[in-house]
Amino acid sequence: MKLTYLGHSCFLVETSQARLIIDPFLTGNPVATLKAEDIACDYVLLSHGHDDHSGDALPIAQRCGATIVANFEIAEYFAAKGAKTHGMNPGGGYNFPFGRVKLTLAHHSSSLEVGLSPIYLGSPCGILLQADGRTLYHAGDTALFLDMQLIGRAGLDVALLPIGDNYTMGPDDALLALDFLKPKVAVPMHYNTWPPIAQDADAFAARAATAGHTVRALRAGQALEV
Ligand code: NI
Ligand code: MN
Numbered sequence: 006m007k008l009t010y011l012g013h014s015c016f017l018v019e020t021s022q023a024r025l026i027i028d029p030f031l032t033g034n035p036v037a038t039l040k041a042e043d044i045a046c047d048y049v050l051l052s053h054g055h056d057d058h059s060g061d062a063l064p065i066a067q068r069c070g071a072t073i074v075a076n077f078e079i080a081e082y083f084a085a086k087g088a089k090t091h092g093m094n095p096g097g098g099y100n101f102p103f104g105r106v107k108l109t110l111a112h113h114s115s116s117l118e119v120g121l122s123p124i125y126l127g128s129p130c131g132i133l134l135q136a137d138g139r140t141l142y143h144a145g146d147t148a149l150f151l152d153m154q155l156i157g158r159a160g161l162d163v164a165l166l167p168i169g170d171n172y173t174m175g176p177d178d179a180l181l182a183l184d185f186l187k188p189k190v191a192v193p194m195h196y197n198t199w200p201p202i203a204q205d206a207d208a209f210a211a212r213a214a215t216a217g218h219t220v221r222a223l224r225a226g227q228a229l230e231v
């Protein structure tokens, strides 16, 4: 499984069967190195409705003929716009041709700005992806929560964790999350996109190493084979 960080919380995941993009936010993303038009994928996985996670979902899904996988309300929203979708909800898993996706809890919100006011699009989620004998957890936007211990029981090859603070966990809570999740490797996300979420990911990786965890702070465009 090859993982390429595209900035903020966006990752391209290449498995033997499919190309997946998680939380596509390239248009208007100041740290992105690719444009939405550069993406080729079969599935678009969304953790929640916020624009910095779902912003490019519809144009990518429509251009690529990709299926949007998200919570039920987000799936219905994009289906009404003409996209192929597969709706799920936290705790539920589904066996896709490329592997299994299970949505997990996340403690956050899940609105989308439409016109002048937000509409609410179901529960925020994390994404547990199993493919090619590997298990990946994308935490979405979330606070720290004790049930991460249950998610860790899946045996995580890689965990993608927000460290930005302000809207999500910051570095201190993300270190506790590593204790709960025990991934083989973690990649920080949702930081340095804008000033309120400025963080030193290398310092976070060094602190994690002291606690016995492996963290790879990828720059946008860098890839990791897990
Ligand atoms: Ni959010
Ligand atoms: Mn966000």
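Here the sequence shown stands for residues 6 to 231, numbered as in my numbering.
C-beta: ideal position from N, C-alpha, C; glycine also.
Being a predicted model, the structure only gives us computed values, none of them experimental.
### Query
Just reading off the beta strand (DSSP E) that residue 191 is part of, what are its end residues?
190 to 194
### Query
By Cβ distance, which residues of its chain are closer than 6 Å to residue 185, with the 5 residues on each side in sequence left out?
153, 154, 157
### Query
Rounded to a whole number of angstroms, what is the C-alpha to C-alpha distance between residue 164 and residue 177?
16 Å
### Task
Report the option in 57, 26, 75, 28 whose CA atom is closest to the CA atom of residue 199.
57
### Query
Where do the N-terminal and C-terminal ends of the alpha helix (DSSP H) with residue 176 fall, by residue?
176 to 186
#### Entry: residue 23 to residue 71 span [Cα, whole Å]
10 Å
### Message
For residue 65 and residue 195, what's the separation of their Cα atoms in angstroms?
### Response
21 Å
### Task
Please check the pair residue 220 and residue 209, which I expect to be a contact at CB under 8 Å, by giving their CB distance rounded to whole angstroms.
6 Å
#### Entry: Entirely enclosed beta strand (DSSP E) segments - the stretch 76 to 134, minimum 3 residues
89 to 93, 98 to 101, 104 to 110, 116 to 119, 122 to 125
### Query
Quick check: the stretch 26 to 42 against the stretch 213 to 231, are there 3 or more CB pairs under 8 Å?
yes
### Message
Rounded to the nearest angstrom, what separates residue 182 and residue 129 at their Cα positions?
### Response
18 Å
### Query
Do residue 111 and residue 138 have their C-beta atoms within less than 8 Å of each other?
no
### Message
DSSP has residue 27 in a bridge; who is on the other side?
### Response
16, 50
### Message
Using only Cβ atoms and a threshold of 6 Å, which residues come within that distance of a heavy atom of ligand 2? Order them by chain position.
### Response
55, 57, 58, 146, 172, 195
### Task
Check whether the stretch 43 to 55 touches the stretch 107 to 123, taking contact to mean three or more Cβ pairs, one atom from each stretch, closer than 8 Å.
yes
### Task
For the alpha helix (DSSP H) holding residue 66, just list the boundary residues, first then last.
62 to 69
### Query
In the structure shown, what three-state DSSP assignment does residue 198 receive?
coil
### Query
Secondary structure at residue 8, three-state DSSP: helix, strand or coil?
strand
### Message
Please return the same chain residues whose Cβ sits closer than 7 Å to the Cβ of residue 118, not counting the five positions on each side in sequence.
### Response
56
### Query
Closest by CA to residue 214, which one among 179, 19, 230?
179
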